[in-house]
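Here is the structure we will look at.
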Amino acid sequence: MPELIDVHCHIDDDAFGSDLDKVLENAKKVGVSCIVTSALDEKSIKKTEAIVEKYKGFVYCTVGLDYSLLDEEKVSWVMDYITKNKERIIGIGEVGLDFFIFRNDALQERNKAIFRKWIEFAKEMRMPIVVHSRSAGKYAINMLIEAGAEQVLMHAFDGSVGYAIEGAKRGFYFSIPPSIVRSEQKQKLVRHLPLENLMLESDSPVLGPEKGMRNTPSNVVISAGKIAEIKKVSYDEVCQITTKNARTLFFKNSY
Ligand SMILES: [Zn+2]
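The sequence shown begins at 904 in the numbering used here and counts up one residue at a time.
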């Protein structure tokens, strides 16, 4: 069975509780060898710490701050936490821009200022950065390029193909959620980006194949299947290359 990696999800979410064991077992059954869950605030970090400890060697985490919080104090707290716990964290994020939430200039500027801090922090820490960008793909890609960011994963990118290609040229990766089966934009993205720049994500509990249904990490097989169909390559090849990409970004030597 080919190996898959879910590079982005939120299994600390309240949507998972008593059945998390089963959810993770189901993922293993379909070939998922590793899950990267993303913590988004203080409470989420505490919960994620316990999950990573419990499922050591299977669940890893990135740590960031909910992009909807324009809160410098919280940003500093999370950065401090990451600095002190670097060995336990494999990346920064998710962090980023959300111009669907922030619709006026003043708020968008504050959102950008915080994102700029995160980009610099990730560079300083020499850690990968996992980027959220909603209705702001162009700005996120431009800011990352301007800052000279290198280890970048754009998750569930909703921007245009042109900007995605600019990012891919700089070595940015793009992770594709199971919602690709119902998203023309994601299908287009996959059509135009090289497989060498793609990874698989579930973004559980959201972005599942069916809108509104709880998504789980095992659904990365749906992303892989759809990518194989679009790229006209085998499912195995998609798993092999996306797994290799995930290892290159998050686990330079081994895991
Ligand atoms: Zn997410």
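Cβ atoms here follow ideal geometry from the backbone N, Cα and C, with glycine treated the same way. Given the structure is predicted, the values throughout are model-derived calculations rather than measurements.
Relative to the alpha-carbon of residue i, which residue among the options has its alpha-carbon at the smallest distance?
i     : options                      : result
G954  : D1008, D983, I992 and S979   : The amino acid occupying residue 954 in the given sequence is Ile; Gly does not appear at that position. The option with the nearest alpha carbon to I954 is I992.
R1013 : D1001, N988 and L943         : D1001
A1043 : E1023, F1018 and K1026       : F1018
G996  : L973, K1015, P1031 and N1007 : P1031
D974  : K1020, V1093 and G1070       : K1020
V966  : K959, S947, E956 and L972    : S947
A930  : V910, D917, A942 and G1040   : V910
H1058 : G1070, G1051 and E1049       : G1070
Tell me which residue opens and which closes the beta strand (DSSP E) that residue i is part of.
i     : result
M1102 : L1101 to L1103
T940  : V935 to A942
For the alpha helix (DSSP H) holding residue i, just list the boundary residues, first then last.
i     : result
E997  : Element bounds for E997: not the alpha helix (DSSP H) but the beta strand (DSSP E), G994 to D1001.
V1141 : Y1138 to F1153
L1096 : Segment: none, L1096 is in no alpha helix (DSSP H) and carries neither H nor E.
V1124 : V1123 to K1134
D924  : L923 to K932
V910  : It is not in any alpha helix (DSSP H) - V910 instead sits in the beta strand (DSSP E) that spans L907 to C912.
A918  : That residue, A918, is in no alpha helix (DSSP H); it is neither H nor E in DSSP.
K949  : E945 to K957
Could you check if residue i belongs to the surroundings of ligand 1, using beta carbon to heavy atom distance under 7 Å?
i     : result
S1082 : no
D1061 : no
S971  : no
S1086 : no
S941  : yes
D869  : Since the first residue of the chain shown is 904 and the last is 1158, residue 869 is not available in this structure.
H1095 : no
E997  : yes
Secondary structure, alpha helix (DSSP H): runs of 4+ residues fully inside the region 1030-1093: 1040-1050 and 1064-1072
Beta strand (DSSP E) segments (min. 3 residues) lying fully within the region 959-1019: 962-966 and 994-1001
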